[in-house]
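Peer 1:
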Amino acid sequence: MSDNPHAGHRKRLKQELLTQDFAETIPEHKLLEALLFYGVPRKDTNEIAHELLERFGSICGVLEANPADLLQVKGMTENAVTLIKFILPLARRYNIEKLKGRIKFDNFELLGKFIIEKHRGYSEEILLITSFGTDGTMIACEPVRKGDKSMVSVTVKEVLKIALKHNAPAVIVSHNHMNRNALPSESDILMTMRLSNMLKEINVKLLDHIIVANNDYISMSQSGMYKSIFQL
């Protein structure tokens, strides 16, 4: 007899999920319950899964929750928290790899998807600089600075450093808004104007400032209100 009274249930649930190919019709709590098998041994993870969903509202809420808050749920372990916090970075890497080599400034649909994926899953605002070559192909995309849940501050010097590092003739700035829409704030507009002017002095074009909010984004260069800021 197995020492684990839940072993039979765990095996059946894993087989159920595999048989159904993790279909979208499978309830959230079952997916979370099965994931927790690998971080919470010898316990009924069904109850823990329900508690996580009740406390954080959804799978998204659980995946984006602070590690310390996850540990407050009865039955959670450090291994389980680590496993949960692995998921979004891995998903981000997967989605970015799928787009790799296809990103060009003139392919705006793919570029928008790429920028969304680069910002996905962070619990604070983060500003990225995406560098482009003379043919419009992406050279690199890297973070400048992380902020908090409401703002990210950045110095022109930090942006210039990255542009010069890659010898990039053109760059795009992007950052995410937490818990609000993608509309640019007054500080976003002022920062964009300042960056554009400073980059122009070293012969680097600022092509766009893209602001991401969840699965939505706004391109300031595509808006008639802000188009004059950019060097298209």
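Per my numbering, the very first residue in the sequence shown carries number 9; after that it's consecutive.
C-beta atoms are modelled at their ideal positions from N, C-alpha and C, and glycine is treated no differently.
By how many angstroms is the C-alpha of residue 73 removed from the C-alpha of residue 157?
Peer 2: As a first step, residue 157 is located in the sequence shown; it is residue number 149 there, counting from the start. As a first step, residue 73 is located in the sequence shown; it is residue number 65 there, counting from the start. Low local confidence applies: a pLDDT of 45 at residue 157 is under 50, so the model's placement there is unreliable, and no value is given.
Peer 1: Where does residue 85 fall in DSSP's three states?
Peer 2: On the sequence shown, position 77 is the one that residue 85 refers to. Here residue 85 sits in coil by DSSP.
Peer 1: What alpha helix (DSSP H) runs, 4 residues minimum, are completely inside the region 169-193?
Peer 2: The region 169-193 contains no whole alpha helix (DSSP H) run of 4 or more residues.
Peer 1: Sort out for me which residues DSSP pairs residue 214 with in a bridge.
Peer 2: Sequence index remark: in the sequence shown, residue 214 carries index 206 (1-based). 179.
Peer 1: According to DSSP, is residue 220 helix, strand or coil?
Peer 2: Translated into the one-based positions of the sequence shown, residue 220 becomes position 212. Looking at residue 220 - three-state DSSP - the assignment turns out to be strand.
Peer 1: If you run the structure through DSSP and keep just helix, strand and coil, what is residue 225?
Peer 2: Residue numbering aside, residue 225 sits at position 217 when the sequence shown is read from its first letter. Residue state, collapsed to three classes: strand.
Peer 1: Residues in the same chain with beta-carbon distance under 6 Å from residue 233, minus the five sequence neighbours each way, listed in chain order, please.
Peer 2: To locate residue 233, count along the sequence shown from 1; it is residue 225. Within the same chain, residue 233 has no close Cβ partners at all.
Peer 1: Under a three-way DSSP split, which group does residue 92 fall into?
Peer 2: Along the sequence shown, one-based indexing puts residue 92 at 84. Correct three-state label for residue 92: helix.
Peer 1: Can residue 45 and residue 53 be called in contact, C-beta distance under 8 Å?
Peer 2: Reading the sequence shown from its first residue, position 37 is the one you call residue 45. Reading the sequence shown from its first residue, position 45 is the one you call residue 53. Closer than 8 Å, so yes.
Peer 1: In the DSSP assignment, the alpha helix (DSSP H) including residue 138 goes from what residue to what residue?
Peer 2: Taking the first residue of the sequence shown as position 1, residue 138 is located at position 130. Note, residue 138: premise wrong, no alpha helix (DSSP H); beta strand (DSSP E) at 134-140.
Peer 1: What residues in its chain sit with their C-beta under 7 Å from that of residue 57, if we drop five residues either side in the sequence?
Peer 2: Position 49 of the sequence shown, counted from the start, is the residue given in the question as residue 57. Counting only Cβ-Cβ distances below 7 Å, and skipping sequence neighbours, we find 37, 40, 41, 44.
Peer 1: Assuming residue 128 is part of the alpha helix (DSSP H), what are its boundary residues?
Peer 2: Here residue 128 refers to the residue found at position 120 of the sequence shown. Per DSSP, residue 128 belongs to no alpha helix (DSSP H) and is neither H nor E.
Peer 1: Taking DSSP's pairing of strands, which residues face residue 150 in a bridge?
Peer 2: By 1-based counting over the sequence shown, the position of residue 150 is 142. Note: residue 150 sits in a beta bridge opposite 137.
Peer 1: What is the rounded straight-line gap between the Cα of residue 143 and the Cα of residue 133?
Peer 2: Along the sequence shown, one-based indexing puts residue 143 at 135. Along the sequence shown, one-based indexing puts residue 133 at 125. When rounded, the distance between both Cα atoms is 30 Å.
Peer 1: Nearest to residue 114 by CA position, among 141, 49, 219, is which residue?
Peer 2: Position 106 of the sequence shown, counted from the start, is the residue given in the question as residue 114. The option with the nearest alpha carbon to residue 114 is 141.
Peer 1: For residue 145, which of helix, strand or coil comes out of DSSP?
Peer 2: One-based indexing of the sequence shown puts residue 145 at position 137. Residue state, collapsed to three classes: strand.
Peer 1: Helix, strand or coil for residue 112 per DSSP?
Peer 2: Walking along the sequence shown from the start, residue 112 turns up at place 104. Strand.
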